[in-house]
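Asker: Numbering follows the UniProt record's numbering, in which position 100 of the sequence shown is assigned residue number 100; successive positions increment by one, without gaps.
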Amino acid sequence: MNKSVRSPASLPSERATGTGFADRGDDIGEPDFEAIQQSPEFKLLRKRLLWFIFPMSAFFLCWYMTFVLFSAYDHDFMSRKVFGAVNTGTLFGLLQFVTTMAIVLTYRRFARKKLDPQVDTIHELAGVGKE
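1) Can you list the beta strand (DSSP E) stretches of 3 or more residues lying completely in the stretch 54-92, in chain order?
2) Between the Cα of L61 and those of Q96, E41, Y107, A35, spot the shortest distance and give me the residue it belongs to.
3) Who are the Cβ neighbours of V119 in its own chain at under 7 Å, not counting the five residues just before and after it?
4) Take the Cβ of A85 as the centre, count every other Cβ of all protein chains shown within 10 Å, and call the residue buried at 16 or more, exposed below.
5) Would you give the residue range spanned by the alpha helix (DSSP H) that P117 belongs to?
6) May I ask you to report which of helix, strand or coil DSSP gives E41?
7) Can you tell me whether DSSP reads W30 as helix, strand or coil?
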């Protein structure tokens, strides 16, 4: 069950020639996951992901907490009629769903343009998908 951990033996010259991580794994043909994790390609992928995730999460958390705080402490504002039976609180609640969908669609676009090509590069270097 325990696998021996190998030190990352990835040399830049090996990556440049396209040998990747597939031949440096264990005896059953799996990639060397430690080498993949230490590679500049994987570090770039993590950096890109974190640069999207943290600001977007902070934005949504601030927006959500604004809704919660107004709901808890400013009843007059949240009960203000906008039209018919719809008040400001209802609109803010519905806007939570709208912003959630906007974030999902923004992430999908970001992942398609920035993350997926980097994942494909890592898969190629790891020899994943070759059959």
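C-beta: ideal position from N, C-alpha, C; glycine also.
Answerer: This is what the structure gives:
1) Within the stretch 54-92, the complete beta strand (DSSP E) runs of at least 3 residues are 81-83.
2) Mapped onto the sequence shown, residue 61 falls at position 61. Closest by alpha carbon: Q96.
3) Taking the first residue of the sequence shown as 1, we reach residue 119 at position 119. Once the five neighbours on either side are set aside, the close Cβ partners of V119 are L45.
4) Counted from its first residue, the sequence shown places residue 85 at position 85. By the neighbour-count definition (other C-beta atoms within 10 Å, threshold 16), A85 is an exposed residue.
5) Taking the sequence shown and counting its residues from 1, the one referred to as residue 117 is at position 117. Its alpha helix (DSSP H) spans residues 116-126.
6) For the purposes of this step, residue 41 is taken as the residue at position 41 of the sequence shown. Here E41 sits in helix by DSSP.
7) On the sequence shown, residue 30 is found 30 positions in, with the first residue counted as 1. Sequence inspection shows Glu at residue 30; the Trp mentioned does not correspond to that position. The answer is coil: DSSP assigns E30 none of H, G, I, E or B.
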